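Trainee: Throughout the sequence shown, residue numbering follows full-length UniProt numbering, covering 1 to 324 in sequence. Glycine is no exception: its CB is placed at the ideal position from the N, C-alpha and C atoms. All figures in this text were calculated on a predicted structure; none of them were measured in a lab. Dropping a structure here in structure tokens format, bear with me for questions.
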Amino acid sequence: MKTVVLVIGANGQLGSVLTESLKQKFGENNVIASDLKHREGYKGIFEIIDATDINGIHEVVDTYHVTQIYHLAAILSARGEEMPLQTWDINMKTLFNVLEVSRQKNIDKVFFPSSIAVFGEGAILDHTPNDAYLDPATVYGISKAAGENWAQYYFLRYGLDVRSIRYPGVIGYQSLPGGGTTDYAVDIYHKAVRQEDFSCFLDKNTTLPMIFMDDAIRATLELMDAPKENITLRTSYNIAGVSFSPAEIAAEIRKLYPDFKIAYHPDFRQEIASRWPKSIDDTMATKDWGWKPEFDLESMTTIMIQKLKEKYKTGSRNLESLVL
Ligand code: AKB
Numbered sequence: 001m002k003t004v005v006l007v008i009g010a011n012g013q014l015g016s017v018l019t020e021s022l023k024q025k026f027g028e029n030n031v032i033a034s035d036l037k038h039r040e041g042y043k044g045i046f047e048i049i050d051a052t053d054i055n056g057i058h059e060v061v062d063t064y065h066v067t068q069i070y071h072l073a074a075i076l077s078a079r080g081e082e083m084p085l086q087t088w089d090i091n092m093k094t095l096f097n098v099l100e101v102s103r104q105k106n107i108d109k110v111f112f113p114s115s116i117a118v119f120g121e122g123a124i125l126d127h128t129p130n131d132a133y134l135d136p137a138t139v140y141g142i143s144k145a146a147g148e149n150w151a152q153y154y155f156l157r158y159g160l161d162v163r164s165i166r167y168p169g170v171i172g173y174q175s176l177p178g179g180g181t182t183d184y185a186v187d188i189y190h191k192a193v194r195q196e197d198f199s200c201f202l203d204k205n206t207t208l209p210m211i212f213m214d215d216a217i218r219a220t221l222e223l224m225d226a227p228k229e230n231i232t233l234r235t236s237y238n239i240a241g242v243s244f245s246p247a248e249i250a251a252e253i254r255k256l257y258p259d260f261k262i263a264y265h266p267d268f269r270q271e272i273a274s275r276w277p278k279s280i281d282d283t284m285a286t287k288d289w290g291w292k293p294e295f296d297l298e299s300m301t302t303i304m305i306q307k308l309k310e311k312y313k314t315g316s317r318n319l320e321s322l323v324l
């Protein structure tokens with residue numbers, strides 16, 4: 001049977017890039033991108049879905065005979081703290097709707113992104129292991145920790161093949177993040193290329209786990225391709241990319257822009273970051289499906305700067321238009 005993929009949250013930072021990779025893999029006519037609003041200039045099949053409405057998901061699944069769902073819609077850590085109850089409602093409602101449609105329609109595979117935000121002070125924050133204690137302190141983190149357990153429940157109870165990754169902060173030139181605590185690490189490159197000073201909302205030595213977009217996409221595709229019997233974790237897999245602090249990324253940028261200036265003005269996001277891991281132990285992902293990151297801070301910085309320079313040169317000063 002042919003694979004038909006539905007991506008929910010296809011306009012987001014990860015969704016917009018993952019959708020393109022899925023189109024390359026399965027063919028443009030076999031990938032249905034969806035989000036709350038249409039994306040201007042998008043090439044391919046696009047449907048408006050509000051994932052809090054289960055009927056909308058059912059309809060699209062029926063119309064296109066969808067066999068896989070990637071559910072990427074969520075309110076992230078920083079934005080979530082501005083509207084805690086709404087964030088819980090949206091993050092959980094959309095997940096339940098996806099799980100229920102998938103169960104009822106016998107969807108082959110479901111992807112649910114989790115995050116390093118599931119961890120809190122109860123975990124060892126250096127090389128945090130997959131099975132560390134989970135005591136998240138943000139609504140987003142709580143919703144992801146609960147979501148992981150619900151994913152496992154649907155696997156154990158109904159045999160639904162749900163797979164998940166705990167993403168570090170994702171860094172890419174193709175799209176912009178929104179509402180996360182790790183967003184500074186994308187914004188900083190934009191400011192550097194535009195030769196502007198950068199005001200950082202985290203303290204200089206706040207080390208966090210991050211991952212370059214290419215690695216994040218490859219991890220997702222590799223996990224989804226892995227034989228079912230290899231997937232021993234039905235909650236979520238830790239994956240490591242690269243860990244660094246604002247001071248370290250600024251130093252790397254200064255190798256290319258020696259005059260680059262950064263000032264530190266920590267706000268409420270510092271509190272969130274200080275409870276998150278500094279680095280991640282991804283032994284389980286390596287063992288089960290061969291995960292290995294390829295990008296370090298230096299190689300990531302070289303590509304980010306080169307690609308953003310090209311984009312700004314071709315006149316994409318409007319950040320919105322950086323979404324592919
Ligand atoms: C955030 O900062 O909220 C996200 C995440 C780490 O899940 N980028």
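Comparing alpha-carbon positions, which option in 281, 191, 108 and 300 lies nearest residue 165?
Mentor: 281
Trainee: Throw me the rounded Cβ distance for the residue 92 and residue 34 pair, which I believe falls under 8 Å.
Mentor: Not confirmed; about 19 Å, so no contact.
Trainee: Below 8 Å on the Cβ atoms is my guess for residue 174 versus residue 213; work out the distance and round it to an integer in Å.
Mentor: 7 Å
Trainee: Would DSSP call residue 145 helix, strand or coil?
Mentor: helix
Trainee: Mind reading off the beta-carbon distance from residue 111 to residue 71? Whole number of angstroms is fine, and I expect it under 8 Å.
Mentor: 7 Å
Trainee: State buried or exposed for residue 323, treating a residue as buried only when at least 16 other CB atoms are found within 10 Å of its CB.
Mentor: Here the model assigns residue 323 a pLDDT of 41, short of 50, so the residue's position is not dependable and the matter cannot be decided.
Trainee: Note down, in chain order, each residue of its chain lying with its Cβ closer than 7 Å to the Cβ of residue 23, except the 5 sequence neighbours on either side.
Mentor: Closer than 7 Å at Cβ, skipping near neighbours: 31 and 44.
Trainee: Measuring alpha carbon to alpha carbon, tell me which residue in 42, 10, 67 and 247 is nearest residue 1.
Mentor: 67
Trainee: Starting from residue 170 and walking both ways along the alpha helix (DSSP H), at which residues does that stretch end?
Mentor: Where residue 170 is concerned, there is no enclosing alpha helix (DSSP H), although the beta strand (DSSP E) it sits in stretches over 169-171.
Trainee: Give me, in chain order, the residues of the same chain whose beta-carbon lies closer than 7 Å to that of residue 321; leave out the 5 immediate sequence neighbours on both sides.
Mentor: Low per-residue confidence applies at residue 321: pLDDT is 46, beneath 50, and the placement is therefore not dependable enough to give any value.
Trainee: Would the stretch 224-242 count as touching the stretch 179-194 if we require 3 or more Cβ pairs under 8 Å?
Mentor: Fewer than three beta-carbon pairs drawn from the stretch 224-242 and the stretch 179-194 are found closer than 8 Å, and the two stretches are therefore not classed as touching.
Trainee: The alpha helix (DSSP H) with residue 176 in it runs from where to where?
Mentor: Where residue 176 is concerned, there is no enclosing alpha helix (DSSP H), given that its DSSP letter is neither H nor E.
Trainee: Output the residue ranges of the beta strand (DSSP E) runs that lie fully inside the stretch 79-146 and measure 3 residues or longer, sorted by chain position.
Mentor: 109-115
Trainee: What residues in its chain sit with their C-beta under 7 Å from that of residue 276, if we drop five residues either side in the sequence?
Mentor: 116, 117, 119 and 208, listed in sequence order.
Trainee: When we look at the beta-carbon of residue 82 and count the other beta-carbons within 10 Å, is it buried (16 or more) or exposed?
Mentor: Exposed, by the Cβ-count rule.
Trainee: Compute the Euclidean distance between the alpha carbons of residue 286 and residue 155, then round it to the nearest angstrom.
Mentor: Looking at the two C-alpha atoms, the distance is approximately 22 Å.
Trainee: Run the proximity test for residue 170: is its beta-carbon closer than 7 Å to any non-hydrogen atom belonging to the ligand NAD?
Mentor: The ligand NAD is absent from the structure shown, which contains only the ligand AKB.
Trainee: Here's a check: name, in chain order, each residue in its chain whose Cβ is nearer than 8 Å to the Cβ of residue 230, leaving out the five neighbours to either side.
Mentor: 288 and 289
Trainee: Considering just the uninterrupted stretch of the alpha helix (DSSP H) at residue 268, what are its terminal residues?
Mentor: 268-274
Trainee: Going by the DSSP bridge assignment, what does residue 263 pair with across the sheet?
Mentor: 199
Trainee: With 16 other CB atoms within 10 Å as the buried threshold, where does residue 97 fall?
Mentor: buried
Trainee: For residue 39, I'd like the list of residues in its chain whose CB is within less than 6 Å of its CB, leaving aside the five on either flank, ordered along the chain.
Mentor: 11
Trainee: Here's the rule: buried if 16 or more other CB atoms are within 10 angstroms of the residue's CB, otherwise exposed. What is residue 76?
Mentor: buried
Trainee: Which of helix, strand or coil does DSSP assign to residue 151?
Mentor: Here residue 151 sits in helix by DSSP.
Trainee: Within 10 angstroms of the Cβ of residue 255, are there 16 or more other Cβ atoms? Answer buried if so, exposed if not.
Mentor: exposed
Trainee: Is the beta carbon of residue 116 within less than 7 Å of some heavy atom of the ligand AKB?
Mentor: Look at residue 116: its beta carbon is less than 7 Å from one of the heavy atoms in the ligand AKB.
Trainee: Using only alpha-carbon positions, find the residue among 53, 211, 274 and 315 that is nearest to residue 136.
Mentor: Nearest of 53, 211, 274 and 315 to residue 136, Cα basis: 274.
Trainee: Within 10 Å of its beta-carbon, does residue 167 have 16 or more other beta-carbons around it, so buried, or fewer, so exposed?
Mentor: The residue in question, residue 167, is buried, as its Cβ has 16 or more Cβ neighbours within 10 Å.
Trainee: Which two residues bound the contiguous alpha helix (DSSP H) that contains residue 295?
Mentor: It is not in any alpha helix (DSSP H) - residue 295 carries neither H nor E in the DSSP assignment.
Trainee: Taking Cβ to Cβ, would you say residue 8 is nearer than 8 Å to residue 69?
Mentor: Taking the C-beta atoms as reference points, residue 69 is found nearer than 8 Å to residue 8.
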